[in-house]
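Numbering (this note's numbering), first residue to last: 632 to 753. Single-structure report; data block below.
So, in structure tokens, the structure goes:
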């Protein structure tokens, strides 16, 4: 498996966790905190893989996805260390769509069109 394929696989892991996190954004407590931690760890792995491939480093679409993931992740800052922390659910829902679009743009640009997700059904 080449590094671009690994990057695409890791991005799939991240968006799956993003979907789970979106579903429980309003649920306060340890479960949400643990999911935030898993999402953040997987996002970090994705970021690391972006540096392992010249093609990924040069890709505008990879950069856009990284930015959108960072923005999505930052919506959970209030809940990252406080179980009762607030999350802007409206912004989470908006960014969810933006991240999925950026993901689709990235996988298409990298030649993995078959990995595109249906934004309305994901």
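Here a beta-carbon is modelled for each residue, glycine too, at the ideal position from N, C-alpha and C.
Residue closest to residue i, alpha-carbon to alpha-carbon, out of the options
i, options, result
"residue 695", "686, 684, 729", "729"
"residue 679", "739, 637, 717", "637"
"residue 722", "675, 706, 712", "706"
"residue 675", "704, 720, 658", "704"
"residue 717", "657, 666, 661, 699", "657"
"residue 733", "708, 654, 681, 699", "699"
"residue 677", "668, 697, 689, 685", "697"
"residue 655", "666, 645, 647, 646", "666"
"residue 663", "731, 753, 710", "710"
Separation of residue j from residue i, as counted between CA atoms
i, j, result
"residue 670", "residue 643", "12 Å"
"residue 691", "residue 719", "28 Å"
"residue 660", "residue 746", "33 Å"
"residue 687", "residue 648", "22 Å"
Assigned exposure category for residue i - 16 Cβ within 10 Å defines buried
i, result
"residue 738", "buried"
"residue 714", "exposed"
"residue 749", "exposed"
"residue 673", "buried"
Chain D within 9 Å of residue i, Cβ atoms only
i, result
"residue 647", "Absent here is chain D; the protein component of the structure consists of one chain."
Cut-off 6 Å between Cβ atoms - residues of its own chain near residue i, not counting five sequence neighbours on either side
i, result
"residue 743", "639"
Sequence-distant residues of its chain with Cβ nearer than 7 Å to residue i (five each side left out)
i, result
"residue 702", "726"
Beta-carbon proximity list for residue i, same chain, < 8 Å, skipping 5 on both sides
i, result
"residue 735", "747, 748, 750"
"residue 653", "723, 724, 727"
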